[in-house]
Amino acid sequence: MTPQARYILMHDDDNVAIIVNDGGLPAGAVFPSGLTLRDKVPQGHKVALVDIPAGEVVRRYNVSIGRARSDIPAGSWVHERLLEMPAARELLGLPMATRAQPTLPPLEGHTFEGYRNADGSVGTRNILAITTTVQCVAGVVANAVRRIKDELLPQYPHVDDVVGLEHSYGCGVAIDAPDAVIPIRTLRNISLNPNFGGEVMVVSLGCEKLQPERLLPPGSFPIVDERSPEAGPETICLQAERHVGFMSMIDDIVQSAKPHLERLNARRRETVPASELVVGVQCGGSDAFSGVTANPAVGFAADLLVRAGATIMFSENTEVRDAVDQLTARAASTEVADAIVRELGWYDRYLERGRVDRSANTTPGNKAGGLSNIVEKAMGSIIKSGTAPIAGVLSPGDSLRAQGLPKGLIYAATPASDFICGTLQLAAGMNLHIFTTGRGTPYGLAECPVIKVATRSDLARRWHDLMDLDAGRIATGELSIEELGWELFRLMLDVASGKKTWAEHWKLHNALVLFNPAPVT
Ligand code: CA
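Shown next, in the form of structure tokens:
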């Protein structure tokens, strides 16, 4: 029996809907509404529900995703070549903090088992991180990390992992350029991520531009041993004269790791309220289902987190740019709305310097998955933020704690690039990462657990040991958005308490990729 032809409509005023059926549908397929397909339409792609004359607005999520380049009869495949993309909205004359703030009822009684840190933050993992000032030391640190894992870690069973914070920065860069503050504060704040227990240990080369005292000035990091508060960070400098030969460097790093491992190993998980979660959400490898299944479920879970008093960050400048009026309207205050305009305006100019705009975002995979352009992608992306007021805005590389931002829904202004967004959310203080994907990506981080949510059941089936949650069950009608949102919320508490994600199981660790808008030399 041929399965029933189905489409999903996002809003009653939309004139297009997307095809649900696995493998798409052939021309001639008839929907329960009586609409007949004129073309073969791939899964996740759009079908015209009515005749759309040339020049008319094509509407999805009740917003214009473009104008028809020619007459589009009802039942036609509405692909990207038929759409004229609208221009980006100006950043002037926006509605600023105008939306009535919904009062979300508090959600009490939810907890997880976390590691409480001296500064009051809570880790979901107990990891020794070794900070590096420069890429030059990466090979040596990787070697030392291998030895620590092999020789020391078995003696410290309560420590989850040892991670070298390797990156491409530190030298060969214009370190005094104004925008260099972004990569520098990113590295500083990642070193202080709650999953590292406040233990700071630095490996430096010696001659690099980013000196340890500049990366971590006194007062910017906790001192947990007997050193004076004015001292710089505990640093192993490879060029120090006492190092004779490679093994002396390795021995030095391994020895220095011991007291950190001892302190971390003495910690135990304790019951903490869900309000201690700091969740970063992003999407990657998006398709037309992202904005229909996974992202709305994440949005529902985002509201649960806000109701529980937790912090949830959404990001990805180029994927919210076309919805800027929705964001500024949802800001909790005009100051927050101003900060949104400031960050997105700065990003517009950053893109202009490279002679592109936000439309450079969409990938061939996005288009193959049914997303015609960045406007359509943005509307599906922003749903991840739920409905709460935006309580604060974070500049790239800044941390929530250092900036004193309130809990609740935060816009962390970052590029949409998966690795850069994840790196900046780590710097912000994220202790749990939610990642939705439609095309599929094996993304993972060594520093923080990543829960991956598949937008389609077909992907969840094929990548059964890579995807942590199947949001495709919304499209099949098996679960409601609310039910899946609750499932995700409970999974978040389990993973925060130590349950391993698939990316952790397979040790899939993407690199830290810094956002460096400043020149290199
Ligand atoms: Ca992304």
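In this note's numbering, the protein residues as written are 1271 to 1791.
Glycine residues also receive a C-beta, built at the ideal position from the N, C-alpha and C atoms.
A Cβ-Cβ separation of about 33 Å leaves residue 1555 out of contact with residue 1381 under the 8 Å criterion. In this structure, residue 1593 has its beta carbon at no less than 7 Å from each heavy atom of ligand 1. Separation of the CB atoms of residue 1308 and residue 1345 is rounded to 4 Å, and the pair is thereby assigned contact status at 8 Å.
With the rule of 3 Cβ pairs closer than 8 Å, the segment 1502-1519 does not count as touching the segment 1426-1437.
Counting only runs that start and end inside the segment 1700-1776, the beta strand (DSSP E) elements of at least 3 residues fall at 1702-1707, 1720-1724. The Cβ atoms of residue 1670 and residue 1699 sit closer than 8 Å to each other. Secondary structure of residue 1606 (DSSP, three-state): helix. For residue 1333, the enclosing beta strand (DSSP E) starts and ends at 1333-1338. In this structure, the alpha-carbon of residue 1523 lies about 41 Å from that of residue 1624. Between residue 1317 and residue 1289, the C-beta gap is smaller than 8 Å, which places the two residues in contact. Of the residues assessed, residue 1573 falls on the buried side of the cut-off, its CB having 16 or more other CB atoms within 10 angstroms. DSSP links residue 1316 through a beta bridge to 1288, 1348. The continuous beta strand (DSSP E) containing residue 1543 extends over residues 1540-1543. With a cut-off of 7 Å, the C-beta of residue 1688 is classified as near ligand 1, since at least one heavy atom of the ligand falls inside that distance. Fewer than three beta-carbon pairs drawn from the segment 1609-1616 and the segment 1298-1305 are found closer than 8 Å, and the two stretches are therefore not classed as touching. Here residue 1655 carries a helix assignment [DSSP, helix/strand/coil]. Counting the other Cβ atoms within 10 Å of the Cβ of residue 1791 gives fewer than 16, which makes it exposed. Of the heavy atoms belonging to ligand 1, at least one sits nearer than 7 Å to the Cβ of residue 1691. If one requires a minimum length of 4 residues, the alpha helix (DSSP H) runs lying completely within the segment 1620-1666 are 1634-1638, 1644-1652, in chain order. Counting only the Cα atoms, residue 1350 lies some 54 Å from residue 1507.
Here residue 1689 carries a helix assignment [DSSP, helix/strand/coil]. Of all alpha-carbon atoms in 1757, 1529, 1377, 1684, the one lying nearest the alpha-carbon of residue 1471 is that of 1529. Residue 1395 places its beta carbon less than 8 Å from that of residue 1719.
Following the DSSP letters along the chain, one finds residue 1673 inside the alpha helix (DSSP H) bounded by residues 1670-1673. Residue 1665 and residue 1594 have their C-alpha atoms roughly 16 Å apart. Per DSSP, residue 1509 is not a residue of any alpha helix (DSSP H), being assigned neither H nor E. Assigned with DSSP and collapsed to three states, residue 1295 falls in strand.
Per the C-alpha coordinates, the member of 1516, 1527, 1585 positioned closest to residue 1550 is 1585. Setting aside the 5 residues that flank it on each side, residue 1285 is surrounded in the same chain by 1318, 1319, 1320, 1322, 1328, 1329, each with a C-beta closer than 7 Å to its C-beta; the list follows chain order. With 16 or more other Cβ atoms inside 10 Å of its own Cβ, residue 1592 counts as buried. For residue 1572, the uninterrupted alpha helix (DSSP H) segment begins and ends at 1564-1577. The count of Cβ pairs closer than 8 Å, one atom from the segment 1368-1383 and one from the segment 1398-1413, stays below three, leaving the stretches out of contact. Its chain contains 1287, 1288, 1290, 1562, 1745 as the residues whose beta carbon lies nearer than 8 Å to that of residue 1278, once the 5 sequence neighbours on both sides are disregarded; these appear in chain order.
Close CB contacts of residue 1448 within its chain, under the 8 Å cut and outside five residues either way in sequence, are with 1788 (chain order). Scanning the segment 1440-1523 for uninterrupted beta strand (DSSP E) segments of 3 residues or longer gives 1472-1474, 1505-1507, listed from N- to C-terminal end. The C-alpha of residue 1679 is placed about 20 Å away from the C-alpha of residue 1364.
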